[in-house]
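Numbering that gives the first Met the number 0 numbers the first residue of the sequence shown as 0 and each following residue consecutively.
In this text, a Cβ means the ideal position worked out from N, Cα and C, and glycines have one as well.
Here the structure is a predicted model, which is why all the values come from computation and not from measurement.
First comes the structure, then the notes that go with it.
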Amino acid sequence: MMAMINEQDIELMHEWRDEVVAHRERPVTVIYVDKAYDPITGVPIGETEQTRELTAVVTEISSNSDRNMADGIIYEEGDIKVDVKIELIEDIADKITQMGYADEDYEIVAKPRKGIGRRNRYELHGRVIT
């Protein structure tokens, strides 16, 4: 017999996510560029770098080689993967360029949305800035 995931299963998984990540979240700072536009012409007139403090599940990538690949992304030793609740950054997700974690700065190399049945998080892939 083959079972499929139904709406109730998806809703339960969404509700349980907070329990799954409890005590695994760490402080992270996302850095994004906010552009100002001329109200009449719509032409960009300036940029400011903004930050947002949040908590997220952080996975430090390590391997027995300098590089490896997963989901089409080449990881290097020292890269991180950060799972952030979609509600925390959905208003700035496409503006995020960097993040800070554990006294290191990282450039964002990918930021796919993830979730089973319903998107519930962003997976930010960061490469340490040297």
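Tell me the DSSP bridge mates of residue i?
i     : result
Met12 : For Met12, which the question treats as bridged, DSSP gives no partner whatsoever.
Gly45 : Ala35
Thr28 : Glu52 and Gly99
Around the C-beta of residue i, are 16 or more other C-beta atoms found within 10 angstroms, so that it is buried, or is it exposed?
i      : result
Leu11  : exposed
Arg120 : buried
Is residue i helix, strand or coil by DSSP?
i      : result
Lys80  : strand
Asp93  : helix
Asp37  : coil
Asp169 : Missing from the structure shown is residue 169; the chain here goes from 0 to 129 and no further.
Ile60  : coil
Ile85  : helix
Compare the C-alpha of residue i against each of the options and name the closest.
i      : options                          : result
Asp102 : Arg23, Thr28 and Trp15           : Thr28
Val20  : Val81, Ile88 and Thr96           : Val81
Glu6   : Glu59, Gly116, Leu123 and Tyr121 : Gly116
Thr58  : Lys110, Glu24 and Glu18          : Glu24
Val127 : Val108, Leu87, Tyr36 and Asp104  : Asp104
Asp93  : Arg118, Arg112 and Pro26         : Arg112
Ala109 : Glu46, Gly45 and His124          : His124
Thr96  : Asp33, Trp15 and Tyr74           : Asp33
His13  : Val56, Ile85, Tyr74 and Thr50    : Ile85
Glu18  : Val56, Ile88 and Asp78           : Val56
Glu52  : Ile107, Thr129 and Tyr100        : Tyr100
Glu46  : Glu122, Ile39 and Ala35          : Ala35
Practice task
At 3 residues or longer, and completely inside the stretch 102-127: list those beta strand (DSSP E) runs for me, N to C.
Solution key: 103-109 and 120-127
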